[in-house]
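Data first, discussion second: the structure below is written as structure tokens.
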Amino acid sequence: MAVASTPCSAQSPLTYRESTGTREIIILIDEELLPTGSIIHSRMSDGEQHDVQIDSSAETLLYHVVSQLRGIDYTVTREGSRLIVDGVFEGKPVARSIRINTRPWYQSMEWSLHDYVRSESREPLLYWVVHPWEAKAYLLQARCEGIDAITLDGLPLSALRVRVGPAGILRIFWSTLYWFRPSDARYLRYEGVRGLPGTPKTTVELESDG
Numbered sequence: 001m002a003v004a005s006t007p008c009s010a011q012s013p014l015t016y017r018e019s020t021g022t023r024e025i026i027i028l029i030d031e032e033l034l035p036t037g038s039i040i041h042s043r044m045s046d047g048e049q050h051d052v053q054i055d056s057s058a059e060t061l062l063y064h065v066v067s068q069l070r071g072i073d074y075t076v077t078r079e080g081s082r083l084i085v086d087g088v089f090e091g092k093p094v095a096r097s098i099r100i101n102t103r104p105w106y107q108s109m110e111w112s113l114h115d116y117v118r119s120e121s122r123e124p125l126l127y128w129v130v131h132p133w134e135a136k137a138y139l140l141q142a143r144c145e146g147i148d149a150i151t152l153d154g155l156p157l158s159a160l161r162v163r164v165g166p167a168g169i170l171r172i173f174w175s176t177l178y179w180f181r182p183s184d185a186r187y188l189r190y191e192g193v194r195g196l197p198g199t200p201k202t203t204v205e206l207e208s209d210g
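First residue of the sequence shown: 1, per my numbering; consecutive thereafter.
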């Protein structure tokens with residue numbers, strides 16, 4: 001199932017390296033500009049594909065995910081306070097409606113958090129995201145925590161740290177960290193555990209800036 005678009009232009013792709021234990025994946029991300037928004041295309045070296053269409057305010061309009069390994073090929077769209085899931089999930093047809101509230105849907109956090117990062121606000125930001133391997137929606141909270149000195153490809157630099165976790169009390173038990181370049185809000189690094197206790201930590205780092 002393709003993401004329909006009328007291309008305006010495209011940005012040079014970004015290259016990221018994802019590491020979980022001894023497993024490494026290369027991720028290519030490019031932004032296809034549209035007259036009123038853009039589509040974020042992510043292609044993983046293990047075959048996964050993620051396409052996120054956002055409007056001019058960076059809210060998600062459509063999400064399409066493909067993983068042959070997981071038997072997944074479905075699309076999510078928003079209709080008011082509902083997310084509509086349609087396609088194939090774990091090898092079986094899926095057609096479901098997920099009720100949410102009026103909070104924004106930011107499926108591509110790396111892009112949709114740009115304005116929040118630039119604002120340097122210390123107030124929490126609440127938004128929805130769809131877990132691709134569950135086809136369920138979760139309300140998350142992002143909070144800017146300050147500037148860190150990090151090393152990227154052997155070079156020291158300053159980056160704004162943003163902590164992301166579930167909204168409410170559950171954020172005490174689980175959260176992930178993102179780092180962004182302060183000058184242009186470019187996503188630089190991610191750290192977090194994507195699984196049950198004992199799962200190795202995953203890191204994602206920018207390798208090539210277009």
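For each residue, glycine too, the CB sits at the ideal point set by N, CA and C. In this text the structure is predicted, and so the values were computed from the model without any measurement.
Remark: C-beta atoms of Leu-61 and Arg-78 approach each other more closely than 8 Å. Tyr-127: member of the beta strand (DSSP E) spanning 125 to 131, first to last residue.
Contiguous beta strand (DSSP E) elements confined to the region 12 to 48 occur at 14 to 20, 23 to 34, 37 to 44, taking only those with 3 or more residues. Ile-72 counts as buried, since at least 16 other C-beta atoms from the protein chains shown sit within 10 angstroms of its C-beta.
Inclusion of Leu-28 and Leu-206 in the CB contact set at 8 Å is not warranted, their separation being larger than that value. Here DSSP, grouped into helix, strand and coil, assigns Arg-189 to strand. The secondary-structure analysis by DSSP pairs Glu-79 across a beta bridge with Arg-82. With a beta-carbon spacing of about 5 Å, Trp-128 and Ile-100 fall inside the 8 Å limit used to define contacts.
The Cβ atoms of Ala-185 and Val-164 lie no closer than 8 Å to each other. Beyond the five residues adjoining it in sequence on each side, Asp-55 comes within less than 7 Å, by CB distance, of Thr-36, Gly-37, Leu-61 in the same chain, given in chain order. With contacts defined by Cβ atoms closer than 8 Å, Leu-113 and Val-162 form a contacting pair.
With respect to Thr-176, Gly-192 sits close: the two C-beta atoms are nearer than 8 Å. Shown here for Met-44: same chain residues with a beta carbon closer than 7 Å to its own, the five before and five after excluded, namely Ile-25, Ile-27 in chain order. Put simply, of Gln-68, Leu-34, Tyr-138 the residue whose alpha carbon is nearest the alpha carbon of Trp-105 is Tyr-138. In the three-state DSSP reduction, Trp-111 falls in the helix class (H, G or I).
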